[in-house]
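Since the structure comes first, as structure tokens, the remarks are kept for the end.
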């Protein structure tokens with residue numbers, strides 16, 4: 031107990047005797063209470079004097095709680111007010127973001143028919159006559175939306191299967207056997223895979239391929255055609271939401287799912303081809319998936335090396351605010367297509383014919399990036415930036431210096447910080463993002479194979 035005396039201001043209580051105040055500090059764990067007790071009870075016939083005495087007591091109480099007043103001052107400091115103002119500004123900015131719901135076209139009757147042609151069975155879509163109803167995506171019921179996704183997956187898978195079985199007119203299939211297979215992920219999703227296996231030479235190596243975002247095989251077909259000439263068999267794994275795999279087109283709920291799918295696929299491939307050295311190839315986002323997978327010691331010890339073209343180790347959003355808002359909106363509106371986040375007008379190849387072929391492919395997604403997908407890329411690249419020194423697997427990195435999609439400086443950082451003893455990097459001046467669609471693709475493939 032602490033006691034002290036103070037004098038009441040004479041101008042507040044005229045002709046009033048002095049009195050003493052006794053302060054008791056009561057401590058109960060995190061609670062501290064200041065209390066004033068009078069040593070003698072004040073008596074006065076004048077209500078005015080009693081009122082003024084009470085006011086003086088209140089003033090003394092405020093003086094005794096100077097610690098609390100300091101905290102109140104800190105609460106209304108300039109720094110705190112600026113933080114509140116930023117929060118209010120961010121809230122109003124959210125209200126003005128250009129989110130645009132996509133209108134979904136729903137035909138009155140769409141069916142998948144099977145026809146016998148040339149001794150084989152061919153699937154094709156047919157539509158009955160009727161009006162096309164345009165319904166805002168936000169108004170489509172859940173069951174209808176799920177049915178639309180299932181129908182889209184069926185169509186994409188049928189198209190992917192026809193390409194594998196029918197072959198590609200631009201490639202020579204006489205030296206390779208091109209096949210497809212399906213496997214079920216740990217989440218229950220069906221994952222579509224392709225393979226190219228040389229038939230005239232003995233297989234001396236395996237290459238597991240991971241494609242880039244919004245693609246399906248793209249440059250992977252080029253790899254599939256080249257690698258068999260070096261006695262290597264190729265195995266392409268499709269990410270969920272891409273090619274013939276399950277999922278909403280170009281929607282990636284978690285890139286960790288893709289990493290786990292790659293690990294399962296790698297285990298399956300190695301079991302089918304024991305004692306054959308295995309390499310992993312990843313382009314763009316596929317490169318990020320490969321990098322995160324090989325950080326696992328169980329994967330690292332089973333592969334001979336990795337090859338990365340334009341890996342997504344560093345990605346800059348079109349505006350810094352998107353990196354701040356992405357975690358929130360990836361939870362609130364994961365499937366929305368965020369048109370403002372797209373980097374418009376950015377070329378990925380200097381070959382017009384290659385670009386036309388790529389973007390006219392219905393299996394290539396050309397719409398705006400989905401919110402959750404964009405956030406997953408930012409999250410994964412941030413993780414990789416913090417763990418580059420953990421890489422010990424042999425690696426070969428190739429990147430175009432004029433790439434505006436993924437950062438070539440991040441690839442340079444990958445090369446410098448990786449702990450791998452065997453590591454090589456090639457930076458191509460003036461080349462863009464899709465190296466295997468550039469006019470110099472022959473030279474690039476030769477450098478990869480050799």
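Residue numbers (the working numbering): 31 to 480.
For each residue, glycine too, the CB sits at the ideal point set by N, CA and C.
Note that the structure is predicted; figures quoted are calculated from it, not measured.
Local conformation of residue i per DSSP, three classes
i, result
"residue 335", "strand"
"residue 232", "coil"
"residue 146", "Confidence at residue 146 is low in this model, with a pLDDT of 39, below 50, so the placement of that residue should be treated as unreliable; the coordinate-derived value is given next. In the structure shown, residue 146 sits in a strand (DSSP, three-state: E or B)."
"residue 68", "Unreliable placement is indicated for residue 68, whose pLDDT of 45 sits below 50; the coordinate value is still reported in the next sentence. If DSSP states are grouped into helix, strand and coil, residue 68 belongs with the strands."
"residue 264", "strand"
"residue 273", "coil"
"residue 325", "coil"
"residue 399", "coil"
"residue 315", "helix"
"residue 475", "helix"
"residue 56", "With a pLDDT of only 42 at residue 56, under the threshold of 50, the placement of this residue in the model should not be trusted; the figure read from the coordinates follows. Looking at residue 56 - three-state DSSP - the assignment turns out to be strand."
"residue 238", "strand"
"residue 281", "coil"
"residue 390", "coil"
"residue 480", "coil"
For residue i: DSSP bridge partner residues
i, result
"residue 455", "427"
"residue 212", "222"
"residue 206", "228"
"residue 467", "None, per the DSSP bridge assignment."
"residue 309", "237, 335"
Within 7 Å, strictly: CB atoms of residue i and residue j
i, j, result
"residue 478", "residue 337", "yes"
"residue 363", "residue 246", "no"
"residue 262", "residue 237", "yes"
"residue 213", "residue 191", "no"
"residue 227", "residue 195", "no"
"residue 315", "residue 465", "no"
"residue 449", "residue 410", "no"
"residue 395", "residue 244", "yes"
"residue 274", "residue 222", "yes"
"residue 179", "residue 278", "yes"
"residue 425", "residue 343", "no"
"residue 420", "residue 325", "yes"
"residue 353", "residue 408", "yes"
Distance, residue j Cα to residue i Cα
i, j, result
"residue 239", "residue 366", "28 Å"
"residue 458", "residue 438", "10 Å"
"residue 383", "residue 112", "53 Å"
"residue 412", "residue 403", "14 Å"
"residue 473", "residue 225", "24 Å"
"residue 143", "residue 331", "Residue placement at residue 143 is flagged as unreliable, the pLDDT there being 40, under the threshold of 50; a coordinate-derived value is accordingly withheld."
"residue 385", "residue 312", "20 Å"
"residue 369", "residue 233", "45 Å"
"residue 264", "residue 334", "15 Å"
"residue 219", "residue 406", "19 Å"
"residue 21", "residue 447", "This structure cannot speak to residue 21, because the chain is shown only from 31 to 480."
"residue 285", "residue 188", "25 Å"
"residue 463", "residue 387", "16 Å"
What are the complete alpha helix (DSSP H) segments, minimum 4 residues, inside the stretch 347-379? 350-362
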